[in-house]
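Visitor: Before I ask anything, let me first share the structure, which is written out below as structure tokens.
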Amino acid sequence: MLLEVEPSGGRFTPLQNRLQITPARLSDNLKRMAEHGLLRHLSPLERRHPALPEYVLTEKGLLLRDAAKAVQSAEGMLGYGRLSAKAWNLPLLLALHYEHTRFQDIRFALGQVTPRMLSGRLDELQQIGAVDKSIAELPRPAYIYLLHQDSKPPVRRLAADLSSLL
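With the working numbering, the residue at position 15 of the sequence shown is 10, and numbering never jumps.
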């Protein structure tokens, strides 16, 4: 939604048409975004004209919009669809980029991910070809996970883009 607020002119109906969602769902999402300080709803008096935006992104919203653009760009370069649609996919790829290669290292780097969720996401990413899985024998036999060669440049770019926002 953050990516669509400005192209729609910050107005409710064009935003609804671009997102193809029901008015109730859009209204609920916009209220939540306003509660979290991502956007501001302008009253008719503040707008001064019906053609002016109803919703404008706040500074926090602009920052998150830039992060969303970086994610969208990385997903396009990776070519595996919307990886961000599932929890932990992109943080997992970033953890691998930062050389957390063993299961427990990845789990520790991600914080609150459950072992079951992490295992599932690693398997899914391996199946689509984004991650390579192999066995390391030293210091003791264990699986290690690495970014696939084709995944490295987009994930490196994503890491750099997100770091530049901080």
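Glycine is no exception: its CB is placed at the ideal position from the N, C-alpha and C atoms.
Return the CA-CA distance between residue 6 and residue 12, expressed in angstroms with no decimal places.
Guide: Within the sequence shown, numbered from 1, the residue matching residue 6 stands at position 11. Within the sequence shown, numbered from 1, the residue matching residue 12 stands at position 17. Cα to Cα, the separation comes out at about 10 Å.
Visitor: Smallest Cα separation from residue 146: which of 22, 72 and 15?
Guide: Along the sequence shown, one-based indexing puts residue 146 at 151. Nearest option by C-alpha distance: 72.
Visitor: Would you mind stating whether residue 139 and residue 77 have Cβ atoms separated by less than 8 Å?
Guide: Here the question's residue 139 lines up with position 144 in the sequence shown. Here the question's residue 77 lines up with position 82 in the sequence shown. Going by C-beta atoms, residue 139 is not nearer than 8 Å to residue 77.
Visitor: What did DSSP end up calling residue 78 once you bin it into helix, strand or coil?
Guide: As a first step, residue 78 must be located in the sequence shown, where it is residue number 83. Three-state result, residue 78: helix.
Visitor: In its own chain, which residues sit with a C-beta less than 6 Å from the C-beta of residue 28, not counting the 5 before and 5 after it?
Guide: One-based indexing of the sequence shown puts residue 28 at position 33. Cβ neighbours of residue 28 beyond the five flanking positions: 34.
Visitor: Once DSSP output is grouped into helix, strand and coil, what is the label at residue 129?
Guide: If you number the sequence shown from 1, residue 129 lands on position 134. Looking at residue 129 - three-state DSSP - the assignment turns out to be strand.
Visitor: For the structure I just gave you, are there three or more beta carbon pairs, one from the stretch 38 to 52 and one from the stretch 109 to 117, closer than 8 Å?
Guide: no
Visitor: Going by C-alpha to C-alpha distance, which of 19, 16, 92 and 3 sits closest to residue 153?
Guide: The residue labelled residue 153 in the question sits at position 158 within the sequence shown. Of the listed residues, the one whose Cα sits closest to residue 153 is 92.
Visitor: Which whole-angstrom value describes the C-beta separation of residue -2 and residue 63, a residue pair presumed to lie in contact below a C-beta threshold of 8 Å?
Guide: Your numbering for residue -2 matches position 3 in the sequence shown. Your numbering for residue 63 matches position 68 in the sequence shown. Correct: roughly 5 Å between the Cβ atoms.
Visitor: Which class does residue 123 belong to by DSSP, given the choice of helix, strand or coil?
Guide: Here residue 123 is taken as the residue at index 128 of the sequence shown, counted from 1. Residue state, collapsed to three classes: helix.
Visitor: Could you work out which residue in 102, 136 and 0 is closest to residue 86 when comparing CA atoms only?
Guide: Translated into the one-based positions of the sequence shown, residue 86 becomes position 91. Residue 102 is the option with its Cα nearest to residue 86.
Visitor: Report the residue ranges of all alpha helix (DSSP H) runs contained in full by the stretch 10 to 45; include only those spanning at least 4 residues, in chain order.
Guide: 18 to 30 and 39 to 42
Visitor: Which value, in whole angstroms, describes the spacing of the CA atoms of residue 130 and residue 158?
Guide: Sequence index remark: in the sequence shown, residue 130 carries index 135 (1-based). Sequence index remark: in the sequence shown, residue 158 carries index 163 (1-based). If I take the Cα positions, the gap works out to 31 Å.
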